[in-house]
Every structure is written in C-alpha cells, then in structure tokens.
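Okay, so here's the structure we're looking at.
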Amino acid sequence: MTFTDRATVVQSAPEDCHDLAAVLRTADRLECQASGHSPLTALTAGYFLGSCRTIKSGGTVLGMFGVSPHPEAPEFGVVWLLAAPELLKFRTQFLRESKAWVEELGRGYAVIGNACDERNTDAVRWLKWLGFTFYESRPVADTQFLSFYKVTSNV
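44 is the number of the first residue of the sequence shown in our numbering; add one for each residue after it.
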C-alpha cells in the first residue's frame, strides 16, 4: 500500500446504506440480526436518526458510523459503527483516526455509548482501546450484549 491508498470520511448519503448492507462484515451482520434488525434497517435508522459519516476508498463504501441522541436521555449519544471486511485494508489509518472521530461524535453529549454483541471480540477490544468502559452484560434474544459508555469532555 502506498501513501496515496487512503480511506476518506465523508458525509453519508442514503445510497451508502444500501451499498454497505450488501457487503457487511459477518460479525456486524450477526449483531444486527441479534438485535432484531436487518443490516439495511440498522444502517438506514442510523442515517436518519442522527449524524452519520461514511468511510470510503475509491468510491467504495467501507463503513459507516454515527451518533444520535438517546430518545429518553438526550445528553447520552448512542454511537455506532458498521463496516465491510475491506475496512481492514486500512486498519492502521482507521486506528489512528478513530480516537479523533470518537471525540467528534461526543460533541454536545455528556456521555456516549451503546451495546455490542459480546461475540464481536474485535469490536470489544477496539472499544476498550478507545477508552470505553463496559458495565453490564444483558441478553438480547439469544445473544449477550455488552453495554459500554464513555464520559466526554465536549459538553
């Protein structure tokens, strides 16, 4: 990979949801299904309910992430990320830039967080590296989900 092979983060467009849903990582697809949503439904909800960004390379959608206010606690931002397997080609760049994007997502919220499928060990490890705290395991259908949060400095 040369220095010109970089992913970019852009404002999401509705068609990004369709593009990513078709190529979603298996772990992310299973997490969507365990929470009772199709990948397209989960991505579309993320797009319409809050702030959403798309990770692209050469016009190909590699991932989408965003934040939306919790419906019962607007000071709590619900963060999420869903990705294609090809995002791993940009692992170093993704890790370098993800802390800044988490900081950006936290602007205007006292706390950000969500829950993830405990089987998604890559996501759990990454979230811990980003400084999120895990505080409970709860069943969702037949799957255990781990709740996590991070107090922000951006309020």
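Just so you know, even glycine gets a beta-carbon here, dropped at the ideal spot from N, CA and C.
Just so it is clear, the structure is predicted and the values come from calculations on it, not from any experiment.
Note down, in chain order, each residue of its chain lying with its Cβ closer than 6 Å to the Cβ of residue i, except the 5 sequence neighbours on either side.
| i | result |
| --- | --- |
| F175 | F191, K193 |
| T87 | C60 |
| F119 | H113, V154 |
| A184 | A77 |
Does the distance from the C-beta atom of residue i to that of residue j stay below 8 Å?
| i | j | result |
| --- | --- | --- |
| V53 | R96 | yes |
| L92 | P82 | no |
| S111 | V104 | no |
| D165 | A70 | yes |
| G106 | L130 | yes |
Quick one: measure Cβ to Cβ for residue i and residue j, integer angstroms, because I've assumed they're closer than 8 Å.
| i | j | result |
| --- | --- | --- |
| W123 | F137 | In fact, because the Cβ distance is near 15 Å, the residues do not count as touching under 8 Å. |
| Y152 | T195 | 6 Å |
| P57 | Y90 | 6 Å |
Please name the residue in the options whose C-alpha comes closest to that of residue i.
| i | options | result |
| --- | --- | --- |
| A50 | R162, V183, D185, A126 | A126 |
| S180 | W172, L173, V167 | V167 |
| T84 | E146, Y178, D62, K132 | D62 |
| S75 | E161, Y178, K171 | Residue identity check: residue 75 is Cys in the sequence provided, not Ser. Of the listed residues, the one whose Cα sits closest to C75 is E161. |
| L148 | S94, A64, H80 | S94 |
| R139 | P182, S55, H80, L173 | L173 |
| S55 | G156, C159, G102, N157 | G102 |
Looking only at its own chain, which residues have a Cβ that is under 7 Å from the Cβ of residue i, when we skip the five neighbours before and after it?
| i | result |
| --- | --- |
| F46 | Confidence at F46 is low in this model, with a pLDDT of 40, below 50, so the placement of that residue should be treated as unreliable; the coordinate-derived value is given next. No residues qualify anywhere along the chain. |
Leaving out five residues before and five after residue i in sequence, what residues of the same chain have Cβ atoms less than 8 Å from its Cβ?
| i | result |
| --- | --- |
| F177 | V167, L170, K171, L189, S190, F191 |
| W144 | V52, R96, F108 |
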